[in-house]
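Trainee:
Protein chains in written order, with my numbering: chain A, 1 to 234; chain B, 1 to 132.
1) Please check if any C-beta of chain B sits within less than 8 Å of the C-beta of residue 234(A).
2) Find the residues of chain B that neighbour residue 188(A), judging by a C-beta separation of less than 7 Å, and give them in chain order.
3) Measuring only the C-alpha atoms, how far is residue 165(A) from residue 218(A)?
4) Assign residue 65(B) to one of three DSSP states: helix, strand, or coil.
5) Return the Cβ separation of residue 71(A) and residue 104(A) in integer angstroms, given the expectation that the two are a contact with Cβ distance under 8 Å.
6) Output the boundary residues of the alpha helix (DSSP H) element that contains residue 120(A).
7) On a CA-only basis, which of 133(A), 32(A), 197(A) is nearest residue 92(A)? Give me that one, please.
8) Which first and last residues belong to the alpha helix (DSSP H) in which residue 188(A) is found?
9) At a CB-CB cut-off below 7 Å, which residues of chain E make contact with residue 167(A)?
10) Within a Cβ cutoff of 8 Å, which residues of the same chain sit near residue 226(A), ignoring the five residues on either side of it in sequence?
11) Among the candidates 2(B), 123(B), 96(B), 27(B), whose CA atom is the shortest distance from the CA of residue 110(B)?
12) Is it right to say residue 116(B) is buried, meaning 16 or more other beta carbons lie within 10 angstroms of its own, or is it exposed?
13) If we count Cβ pairs, one from each stretch, closer than 8 Å, do we get three or more for the segment 92-108 of chain B versus the segment 50-60 of chain B?
14) Would you check if the segment 67-84 of chain A and the segment 138-156 of chain A touch, i.e. whether three or more CB-CB distances between them fall below 8 Å?
15) Note down, in chain order, every chain A residue with its Cβ under 7 Å from the Cβ of residue 13(B).
16) Do three or more CB pairs link the segment 145-154 of chain A to the segment 48-62 of chain A at distances below 8 Å?
17) So for residue 86(B), helix, strand or coil by DSSP?
18) For the candidate residues 42(B), 20(B), 33(B), whose alpha-carbon lies nearest to that of residue 72(B)?
19) So, with DSSP's three-state summary, where would you put residue 27(A)?
20) Quick check: the segment 75-87 of chain A against the segment 32-41 of chain A, are there 3 or more CB pairs under 8 Å?
21) Does the count of Cβ pairs from the segment 206-217 of chain A and the segment 40-48 of chain B closer than 8 Å reach three?
22) From the beta carbon of residue 6(B), is the nearest beta carbon of chain A less than 8 Å away?
23) Excluding sequence positions up to five away, which residues of its chain have a Cβ less than 6 Å from the Cβ of residue 140(B)?
24) Which residues mark the beginning and the end of the alpha helix (DSSP H) in which residue 37(A) is found?
25) Any Cβ of chain A within less than 8 Å of the Cβ of residue 121(B)?
26) Would you give the residue range spanned by the alpha helix (DSSP H) that residue 223(A) belongs to?
27) Would you give the residue range spanned by the alpha helix (DSSP H) that residue 125(B) belongs to?
28) Counting pairs of Cβ atoms below 8 Å between the segment 191-200 of chain A and the segment 24-31 of chain A, do you hit three or more?
29) Starting from residue 84(A), trace the alpha helix (DSSP H) in both directions and tell me its first and last residue.
30) Beta carbon of residue 185(A), beta carbon of residue 142(A): below 8 Å?
31) Compare the C-alpha of residue 224(A) against each of 22(B), 2(B), 90(B) and name the closest.
32) Can you tell me the Cα-Cα spacing of residue 18(B) and residue 101(B), whole angstroms?
33) I think residue 172(A) touches residue 210(A), with their Cβ atoms under 8 Å apart; what is that distance to the nearest whole Å?
34) Determine which residues of the segment 27-50 of chain B have a Cβ less than 8 Å from any Cβ of chain A, and write them out in chain order.
35) Identify the continuous alpha helix (DSSP H) that holds residue 160(A) and give its terminal residues.
36) Can you list the alpha helix (DSSP H) stretches of 4 or more residues lying completely in the segment 19-47 of chain B, in chain order?
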């Protein structure tokens with residue numbers, strides 16, 4: 001069973017997910033960033049489902065294990081789709097919506113094929129292979145998400161996108177993806193460290209915290225000069 | 001491979017974190033400080049990085065607003081990162097000295113704006129209690 005600190009972090013993350021949706025609804029941003037809010041809602045439902053599975057079957061049960069990794073892959077795909085909608089916001093004046101969607105589907109399919117290729121040769125049993133595929137896909141999508149967020153940040157600077165709320169949503173997603181990708185890499189380098197048991201769930205609180213702030217504190221029409229935010233002055 | 005991914009991710013994390021902190025600061029930099037906070041903090045028109053610790057100590061004296069907690073921590077971490085850059089990299093690249101000093105000053109200004117909001121918040125709470 002998770003320790004009491006683990007439960008506190010879990011509860012905090014769930015409350016922050018609720019806070020994002022409540023802030024978005026109260027500031028009339030729910031529809032504007034629909035996919036981001038749907039991701040938060042699905043994350044909330046997954047948290048509840050995981051808690052129920054944990055309390056009924058226990059942390060070492062197959063049911064909990066499968067629910068955890070399958071729901072993680074689904075959530076990662078939802079987050080990927082939420083990122084694509086941020087692309088649509090940034091490129092909305094260029095009328096390239098169709099191409100962005102097509103590229104997003106092709107990239108997702110490519111990542112799935114690559115993940116399948118990685119796990120295909122290692123496993124004979126289809127059940128185990130599916131579980132490994134789901135885990136591999138989830139990890140690879142985090143890295144793809146990081147690269148896509150980096151490209152999106154470059155596009156924001158290049159196109160001089162000035163909507164403060166959109167900029168903060170993208171930057172917080174960048175912090176989240178890069179922190180996760182760095183943690184996954186560290187976990188592969190040092191698999192015996194216990195510290196990751198807390199750091200991964202704690203990182204999960206960062207994104208809803210930053211999004212709740214962006215929805216609550218920033219006016220949808222607030223503007224800023226994005227070039228001021230770049231590390232290298234432009 | 002894991003090492004390469006770690007280095008790339010850590011570099012991206014650093015860049016996103018700095019840009020995120022600067023976006024937090026930028027959204028408060030346009031807000032003018034009240035005369036009261038100018039008096040208390042001793043900040044005239046431009047804030048200096050040297051005042052940051054003092055302003056944070058003043059902030060700790062005021063009742064905390066829950067929605068500000070994460071932002072203050074982020075800016076605190078950013079300020080420490082700037083101090084680290086100032087005492088290491090800036091000694092090799094002198095151009096960084098002016099940049100870190102400007103950024104540290106903006107961190108102080110952000111903290112002063114937050115202090116202003118906290119004072120107003122405490123005053124509102126007190127007024128509400130007196131009404132009751």
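Quick reminder that beta carbons are idealized off the backbone N, C-alpha and C, glycines included.
Mentor: Result, derived from the coordinates:
1) The predicted position of residue 234(A) is uncertain, since its pLDDT is 46 and thus under 50; a value taken from the coordinates is nonetheless stated next. So, not an interface residue.
2) 2
3) 6 Å
4) Correct three-state label for residue 65(B): coil.
5) Residue 71(A) to residue 104(A), Cβ: 22 Å. No contact.
6) Run containing residue 120(A): 97-120, per the alpha helix (DSSP H) assignment.
7) Nearest to residue 92(A) by C-alpha distance, out of 133(A), 32(A), 197(A), is 32(A).
8) Residues 164-189.
9) In the displayed structure, chain E is absent; the protein chains listed are A and B.
10) 156, 157, 160, 161, 162, 167
11) 27(B)
12) buried
13) yes
14) yes
15) 175, 178, 179, 182
16) no
17) Residue 86(B) falls in the helix class under three-state DSSP.
18) 20(B)
19) coil
20) yes
21) no
22) yes
23) Residue 140(B) is absent from the structure shown; chain B starts at 1 and stops at 132.
24) 34-57
25) Closer than 8 Å: no.
26) Unbroken run through residue 223(A): none, as it is neither H nor E.
27) Taken as a continuous stretch (DSSP letters only), the alpha helix (DSSP H) holding residue 125(B) covers 95-131.
28) no
29) Counting along the chain, residue 84(A) sits inside the alpha helix (DSSP H) bounded by residues 62-90.
30) no
31) Per the Cα distances, 22(B).
32) Straight-line Cα distance between these residues: approximately 15 Å.
33) 3 Å
34) 27
35) Where residue 160(A) is concerned, there is no enclosing alpha helix (DSSP H), given that its DSSP letter is neither H nor E.
36) 35-41
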